[in-house]
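Number of protein chains: 2
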Amino acid sequence: MQQSPVPPETPIYRRIADGLREAILSGELRDGDRLPGENALMAQYGVARATARQALSVLINEGLAVPKRGSGVYVRQFRPLRRHGSRRLSHGHWGQGQAIWDADTRGRSYTVDEVHIDREPAENDIARVLGTAEVWVRRRRYSVDGRPVQLSASHFPAALVEGTPILREDTGPGGVYARLGDLGHGPVRFTEELRARMPHPLETDLLDLPAGTPVIVIMRTAYSAAGVPVEVNEMILDAASYVLQYDFDA
Amino acid sequence: MQQSPVPPETPIYRRIADGLREAILSGELRDGDRLPGENALMAQYGVARATARQALSVLINEGLAVPKRGSGVYVRQFRPLRRHGSRRLSHGHWGQGQAIWDADTRGRSYTVDEVHIDREPAENDIARVLGTAEVWVRRRRYSVDGRPVQLSASHFPAALVEGTPILREDTGPGGVYARLGDLGHGPVRFTEELRARMPHPLETDLLDLPAGTPVIVIMRTAYSAAGVPVEVNEMILDAASYVLQYDFDA
DNA sequence: CAGTGGTCTAGACCACTTG
DNA sequence: AAGTGGTCTAGACCACTGC
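Protein chains in written order, with this note's numbering: chain A, 1 to 250; chain B, 1 to 250.
In structure tokens form, the structure reads like this:
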């Protein structure tokens with residue numbers, strides 16, 4: 001049998017997807033609920049396997065549903081962390097030996113792994129900002145409640161940090177900003193550049209992202225009192241795990 | 001003929017997609033270049049139509065490629081606007097009768113359409129912030145160089161703005177913030193909450209988004225000198241059209 | 001072991017774009 | 001008119017999940 005004679009304005013798979021989306025957004029299906037599976041959709045709408053799959057793939061690519069092989073397709077869960085753009089970086093915070101991350105997690109446990117500290121040639125945009133060709137990079141991955149939520153890559157001008165505690169795995173109380181302060185280059189001003197896009201495969205892998213989840217890319221530059229850029233930190237956040245907050249005056 | 005005996009670790013469609021992605025990210029294929037089509041992939045890799053399509057759909061959902069029916073699949077273009085989170089909202093700016101949008105577009109032409117001004121019951125999160133059940137909402141769509149880039153919905157406590165020029169389509173020099181100032185409720189402090197997610201169908205439609213494009217959702221609350229929230233503006237940005245910048249001190 | 005999603009083939013008709 | 005992507009059918013084998 002072929003397709004029905006007249007393509008009735010909107011494709012079947014879209015109308016199936018629309019119905020399911022409506023059920024999710026209206027709350028009829030809640031977080032973690034199981035959606036009707038491929039077989040159920042085939043029976044209910046009288047369509048072929050591929051068409052049912054196509055409908056489900058729409059919701060998956062919209063980030064509303066997550067497939068679990070051998071089990072079913074489920075409504076996506078969403079419990080973001082709140083990240084304060086300014087408060088978390090106040091000098092009063094890291095100046096007193098606290099980790100910046102304590103400001104974000106507010107009691108929830110977090111872990112750091114995939115730590116790599118390497119000397120590298122700087123990528124183009126980093127080199128432009130820092131004004132150096134060689135950088136030391138501190139890469140790491142942060143997880144909250146056991147789930148990875150952020151990748152981070154701090155770049156420092158090689159000449160500035162060579163042989164300093166900044167290259168040690170444990171940088172001590174207050175972290176790298178306190179150590180930069182010890183060197184007389186403590187950051188006093190920050191700029192953050194934000195983008196959002198779909199993740200690259202490596203990011204998908206490291207953050208364990210389901211399809212349909214964007215990442216937020218933050219490139220933060222720290223400037224010393226002399227106005228010199230001393231660090232560029234590129235962060236990749238799982239967009240489903242974060243709400244970012246910025247406060248400022250008129 | 002069925003599938004080849006052993007599924008060779010990574011699926012065929014993924015390996016095809018990986019090859020194309022590599023060609024795009026390495027610059028071998030540039031902005032606007034045409035990718036090999038479905039027929040070309042079928043011939044080159046000896047796969048069925050659906051498999052070639054699946055490979056292309058990966059890149060499309062990653063936002064790296066855009067399909068043009070009847071023509072081909074093309075490498076996605078990317079030229080973002082820069083939006084300053086703080087500078088653009090300084091009092092010195094709108095206080096002098098300039099439109100906030102002039103700070104973003106820096107010479108590029110922009111247009112506003114889809115303007116709707118309505119009195120409505122407030123949605124939950126808006127009502128919670130503003131502390132009112134009834135709001136006036138100013139909705140509009142901004143386009144730059146003829147392409148829609150942002151939707152905006154300004155919410156005001158109904159009691160505060162009833163019968164004021166804020167409900168007129170043209171709010172005059174300095175816009176609604178200057179008019180709030182006339183009423184003695186000029187904003188002096190802002191907070192912006194940012195999220196990123198895949199767009200809803202209505203957003204996809206109004207912003208003319210290709211698949212694989214996230215949106216950035218900004219909920220900005222403006223507070224008067226008395227500390228009272230006087231406006232909540234929910235903005236939906238085409239993530240591919242924007243870089244957001246925030247500056248702040250330690 | 002039955003059910004589920006993951007991958008793949010081989011065909012079909014359609015609307016649209018381009019030369 | 002030829003080529004392209006958009007949609008759909010009808011089958012197949014597989015790995016994984018959960019009872």
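Each residue gets a CB set at the ideal place from its N, CA and C atoms; glycine is no exception. This structure is a prediction, so every number in the text was calculated from the model and none was measured.
Sheet register partners of residue i (DSSP bridge)
i      : result
A:M219 : A:E193, A:E234
B:A153 : B:R139, B:E234
A:I117 : A:R138
A:R254 : With chain A covering 1 to 250 only, the question about residue 254 of chain A has no answer from this structure.
B:F78  : For B:F78, which the question treats as bridged, DSSP gives no partner whatsoever.
A:S224 : A:P187
B:G72  : B:K68
B:L25  : Partner(s): none; B:L25 has no beta bridge.
A:Y110 : A:V144
A:H91  : In the DSSP output, where bridge partners are listed per residue, A:H91 has none listed.
A:P84  : Per the sequence shown, the amino acid found at residue 84 of chain A is His instead of Pro. Answer by DSSP bridge pairing, in chain order: A:Q245.
B:R34  : B:Y74
Pairwise C-alpha distance: residue j and residue i
i      : j      : result
A:V47  : A:I12  : 9 Å
A:R128 : B:I166 : 44 Å
A:F190 : B:Y223 : 24 Å
B:R88  : A:A225 : 24 Å
B:H91  : B:D102 : 14 Å
A:L244 : B:R83  : 16 Å
A:A159 : A:E123 : 16 Å
A:R108 : B:G146 : 46 Å
B:A178 : B:R139 : 18 Å
B:F248 : A:D238 : 23 Å
A:S4   : B:L180 : Legend: pLDDT at A:S4 = 40, less than 50; position of this residue unreliable, value from coordinates given subsequently. Using only the alpha carbons, I get a separation of about 58 Å.
B:V66  : B:V73  : 6 Å
A:R168 : A:I100 : 18 Å
A:V6   : B:R49  : The predicted position of A:V6 is uncertain, since its pLDDT is 42 and thus under 50; no value can be drawn from it.
B:L202 : B:V161 : 28 Å
B:S252 : A:V144 : In the structure displayed, chain B extends from 1 to 250; residue 252 of chain B sits before or after that span and is not available.
A:T204 : A:N39  : 29 Å
A:G227 : A:V188 : 9 Å
A:Q44  : B:F78  : 41 Å
A:L29  : A:E22  : 9 Å
B:P121 : B:R106 : 36 Å
A:I216 : A:D31  : 23 Å
B:G27  : B:T111 : 33 Å
B:E9   : A:L25  : 37 Å
B:D251 : B:Q96  : Beyond the ends of chain B as shown, which are 1 and 250, falls residue 251 of chain B; an answer cannot be given.
A:H200 : B:A153 : 32 Å
Option in the options with minimal Cα separation from residue i
i      : options                        : result
A:L209 : A:H185, A:A240, A:A225, A:G184 : A:A240
B:V232 : B:E162, B:P199, B:E192         : B:E192
A:I218 : A:R83, A:E234, A:V58           : A:E234
B:L183 : B:R195, B:P201, B:G163         : B:G163
A:G37  : A:I60, A:S26, A:D249, A:L25    : A:I60
A:S75  : A:R14, A:V58, A:H93, A:V112    : One detail in the question is off: residue 75 of chain A reads as Val in this sequence, not Ser. Minimum Cα distance to A:V75 is reached at A:V58.
B:V52  : B:S143, B:R79, B:D18           : Per the sequence shown, the amino acid found at residue 52 of chain B is Ala instead of Val. Of the candidates B:S143, B:R79, B:D18, the one whose C-alpha sits nearest the C-alpha of B:A52 is B:D18.
A:V135 : A:D170, A:F248, A:H155         : A:H155
B:R69  : B:E203, B:R34, B:L237, B:L130  : B:R34
A:V176 : A:H93, A:T111, A:L29, A:P201   : A:H93
A:R141 : A:D113, A:A99, A:E62, A:R168   : A:D113
B:R119 : B:T111, B:R106, B:A133         : B:A133
B:R14  : B:E62, B:Q54, B:R79, B:A40     : B:Q54
B:A250 : A:Y110, A:L25, A:G85, A:H116   : A:G85
A:I126 : A:S71, A:R220, A:S26           : A:R220
A:E62  : A:L20, A:N39, A:Q96            : A:L20
A:H116 : A:D170, A:S143, A:S71          : A:D170
A:Y246 : B:L194, B:P201, B:F78, B:T111  : B:L194
B:I16  : B:E9, B:L56, B:I24             : B:L56
Within 8 Å, strictly: CB atoms of residue i and residue j
i      : j      : result
A:M42  : B:G212 : no
B:R173 : B:A196 : As written in the sequence, residue 173 of chain B is Pro, which differs from the Arg given in the question. Going by C-beta atoms, B:P173 is not nearer than 8 Å to B:A196.
A:Y206 : A:P157 : Checking the displayed sequence, the identity of residue 206 of chain A turns out to be Leu instead of Tyr. Not in contact: A:L206 and A:P157 (Cβ atoms no closer than 8 Å).
A:Y242 : A:L64  : no
B:L130 : B:I236 : no
B:H185 : B:V137 : no
Residue i: CB within 7 Å of a non-hydrogen atom of the ligand PLP
i      : result
B:G227 : Inclusion of the ligand PLP in the displayed structure is not the case, the ligand content being empty and no account of it being possible.
Residue ranges of each alpha helix (DSSP H) within the region 154 to 178 of chain A, 4 or longer:
158 to 161
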